[in-house]
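This report refers to the structure that appears directly beneath it.
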Ligand SMILES: Nc1ncnc2c1ncn2[C@@H]1O[C@H](COP(=O)(O)OP(=O)(O)O)[C@@H](O)[C@H]1O
Ligand SMILES: [Mg+2]
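Numbering (our numbering), first residue to last: 587 to 875.
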């Protein structure tokens, strides 16, 4: 079996780990930098060029597309799909989960519990947005942020107005979200492969911080998730059509709340915290396909 990993940087922890484990499970693995791909549409001769070469017919493509190249990366994934090559995750499911508002819209429609959230462009009607987000403080998020960057906690109407004005001037759409006070400073990352949670950790924010991302200094510890959390994580991944997903959950008075779903979740934090071989689990899942 010959697969391609779509990734800009083969030295990133997760891509490196996939490469290390691929040999062990008899999967041949090539790296393709999406930004080196030229996508040709020409009827049956449609192809993907890297330099002068047309890329071969891989058995499967694993997109690991960073937030900085979402649009181009998705076009590359779509081109493989157009040629009839299976991509895991699919370009459609990546697109759906990458935008935080869209992701919550899709999850809510299927009955998954998520924080009250408002997308707004208005500066006049902010009191209504704050009310709908269950009052101050509120969490602000830019739609395409990752690793905790673009997530802000706002305590007063004055800061809310000025921060929103600034972000809108920078052409950033923003959601205003209910601050989950019960579970603040802590969240749960469930790593879903296929229809299973293969590893999970609790992340605790450092002192004086509300974001628990490992990249923001959060500490990860292995945890056995209660059934309701696992169920919510698996269901969320299924709704979005993601076979590989990092689902972030928080504890709320109403039960587990899904905060976001990552379609190219990193392995470093969770492999180190839980000792689970995530790379191998993904490759074995792929091999079964
Ligand atoms: N509504 C919320 N209430 C309280 N804390 C939150 C809320 N949303 C996010 N957080 C905290 O901020 C972190 C980052 O938010 P998240 O939506 O996962 O964005 P990112 O994609 O940047 O990881 C979460 O891991 C959690 O600790
Ligand atoms: Mg997150």
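For each residue, glycine too, the CB sits at the ideal point set by N, CA and C.
Please read these numbers as outputs of a predicted model, since none were measured by experiment.
Quiz item: On the three-state DSSP scale, how would you describe residue 635?
Solution: The count along the chain shown starts at 1 and reaches residue 635 at position 49. Of the three classes helix, strand and coil, the one that applies to residue 635 here is strand, per DSSP.
Quiz prompt | Completely contained beta strand (DSSP E) runs for the region 749 to 799, where each covers 3 or more residues | solution = Note on the region 749 to 799: whole beta strand (DSSP E) runs with a minimum of 3 residues are 760 to 764, 772 to 779, 782 to 790, in chain order.
Quiz item: Should residue 752 be labelled buried (16 or more other beta-carbon atoms within 10 Å of its own) or exposed?
Solution: Taking the chain shown and counting its residues from 1, one reaches residue 752 at position 166. It counts as exposed.
Quiz item: Using a threshold of 7 angstroms, is the CB atom of residue 854 nearer than that to any non-hydrogen atom of ligand 2?
Solution: On the chain shown, residue 854 is found 268 positions in, with the first residue counted as 1. It does not: the Cβ of residue 854 is nowhere closer than 7 angstroms to a heavy atom of ligand 2.
Practice problem: Specify whether the region 723 to 733 and the region 758 to 770 touch according to this definition: at least 3 beta carbon pairs, one from each stretch, less than 8 angstroms apart. | Solution: yes
Exercise. Identify the continuous alpha helix (DSSP H) that holds residue 819 and give its terminal residues.
Key: Stepping through the chain shown from its first residue, residue 819 is reached at position 233. First-last of the alpha helix (DSSP H) with residue 819: 813 to 826.
Quiz item: Taking the C-alpha atoms as reference points, what is the distance between residue 867 and residue 611?
Solution: Against the chain shown, residue 867 aligns to sequence position 281. Against the chain shown, residue 611 aligns to sequence position 25. One C-alpha to the other measures close to 10 angstroms.
Quiz item: Among 625, 768, 634, 656, which one has its Cα closest to the Cα of residue 594?
Solution: For the purposes of this step, residue 594 is taken as residue 8 along the chain shown, with counting starting at 1. Closest option to residue 594, Cα to Cα, is 656.
Quiz prompt | beta-carbon residue 628 near ligand 2 non-hydrogen atom, thresh 7 angstroms | solution = Taking the first residue of the chain shown as position 1, residue 628 is located at position 42. Outside the cutoff, so no.
Practice problem: Please state whether DSSP places residue 698 in a helix, a strand or coil. | Solution: For the purposes of this step, residue 698 is identified with residue 112 of the chain shown, where counting begins at 1. The answer is coil: DSSP assigns residue 698 none of H, G, I, E or B.
Quiz item: Hey, is the region 807 to 818 in contact with the region 849 to 861, meaning 3+ C-beta pairs nearer than 8 angstroms?
Solution: Yes: the two stretches touch, three or more of their Cβ pairs being nearer than 8 angstroms.
Exercise. Would you give the residue range spanned by the beta strand (DSSP E) that residue 846 belongs to?
Key: The count along the chain shown starts at 1 and reaches residue 846 at position 260. Note, residue 846: beta strand (DSSP E), 841 to 848.
Quiz item: Rounded to the nearest angstrom, how far is the Cβ of residue 785 from that of residue 606, given a contact under 8 angstroms?
Solution: Along the chain shown, read from residue 1 onward, the residue named residue 785 stands at position 199. Along the chain shown, read from residue 1 onward, the residue named residue 606 stands at position 20. The pair is not a contact, with the Cβ atoms about 17 angstroms apart (cut-off 8 angstroms).
Practice problem: State the beta-bridge partners of residue 837 as determined by DSSP. | Solution: Residue mapping note: residue 837 aligns to position 251 of the chain shown, counting from 1. Answer is 842, bridged to residue 837.
Self-check item: Element boundaries [alpha helix (DSSP H), containing residue 678]
Solution: Stepping through the chain shown from its first residue, residue 678 is reached at position 92. Start and end: 677 to 684.
Quiz prompt | 7 angstroms Cβ shell around residue 964 - same chain, five flanking residues per side excluded | solution = For residue 964 there is no data in the structure shown, the boundaries of the chain being 587 and 875.
Quiz item: If you scan the region 590 to 634 from start to end, which runs of the alpha helix (DSSP H) of 4 or more residues do you find wholly inside it?
Solution: For the region 590 to 634, whole alpha helix (DSSP H) runs of length 4 or above, ordered along the chain, are 599 to 610.
Quiz item: Which stretch, first to last residue, makes up the beta strand (DSSP E) that contains residue 727?
Solution: The residue labelled residue 727 in the question sits at position 141 within the chain shown. Membership of residue 727 in the beta strand (DSSP E) is indicated by the continuous run 724 to 728.
Practice problem: Please name the residue in 769, 650, 842, 720 whose C-alpha comes closest to that of residue 596. | Solution: If you number the chain shown from 1, residue 596 lands on position 10. Closest by alpha carbon: 650.
Exercise. Quick one: residues in its chain with C-beta nearer than 7 angstroms to the C-beta of residue 843, no 5 flanking neighbours on either side, listed in chain order?
Key: The count along the chain shown starts at 1 and reaches residue 843 at position 257. Around residue 843: 699, 700, 701, 766, 835, 836.
Self-check item: residue 773 classed as buried or exposed, judged by whether at least 16 other C-beta atoms fall within 10 angstroms
Solution: As a position in the chain shown, residue 773 is number 187, starting the count at 1. So residue 773 counts as buried.
Exercise. Assign residue 813 to one of two classes, buried (16 or more other C-beta atoms within 10 Å of its C-beta) or exposed (fewer than that).
Key: Counted from its first residue, the chain shown places residue 813 at position 227. Under this definition residue 813 is an exposed residue.
Quiz item: By how many angstroms is the C-alpha of residue 641 removed from the C-alpha of residue 627?
Solution: The count along the chain shown starts at 1 and reaches residue 627 at position 41. The count along the chain shown starts at 1 and reaches residue 641 at position 55. Distance between the alpha carbons of residue 627 and residue 641: 14 angstroms.
Quiz item: Cβ-heavy atom distance between residue 799 and ligand 2 below 7 angstroms?
Solution: Taking the first residue of the chain shown as position 1, residue 799 is located at position 213. Yes - ligand 2 has a heavy atom lying nearer than 7 angstroms to the Cβ of residue 799.
Quiz item: Taking 7 angstroms as the line, does the beta carbon of residue 774 fall inside it for any heavy atom of ligand 1?
Solution: Taking the first residue of the chain shown as 1, we reach residue 774 at position 188. No - ligand 1 has no heavy atom lying nearer than 7 angstroms to the Cβ of residue 774.
Practice problem: With distances taken Cα to Cα, identify the nearest neighbour of residue 749 among 708, 720, 781. | Solution: Numbered from 1 along the chain shown, position 163 holds the residue referred to as residue 749. Nearest C-alpha to residue 749: 708.
Self-check item: heavy atom of ligand 2 below 7 angstroms from residue 837 C-beta
Solution: By 1-based counting over the chain shown, the position of residue 837 is 251. Flag unset: Cβ of residue 837 not near ligand 2.
Quiz item: With distances taken between CB atoms, is the gap from residue 878 to residue 853 smaller than 8 angstroms?
Solution: Nothing about residue 878 can be reported from this structure: the residues present for the chain run from 587 to 875 only.
Quiz item: Rounded C-beta distance between residue 693 and residue 743? I'm assuming under 8 angstroms.
Solution: On the chain shown, position 107 is the one that residue 693 refers to. On the chain shown, position 157 is the one that residue 743 refers to. Actually they do not touch by this definition, with Cβ atoms about 29 angstroms apart.
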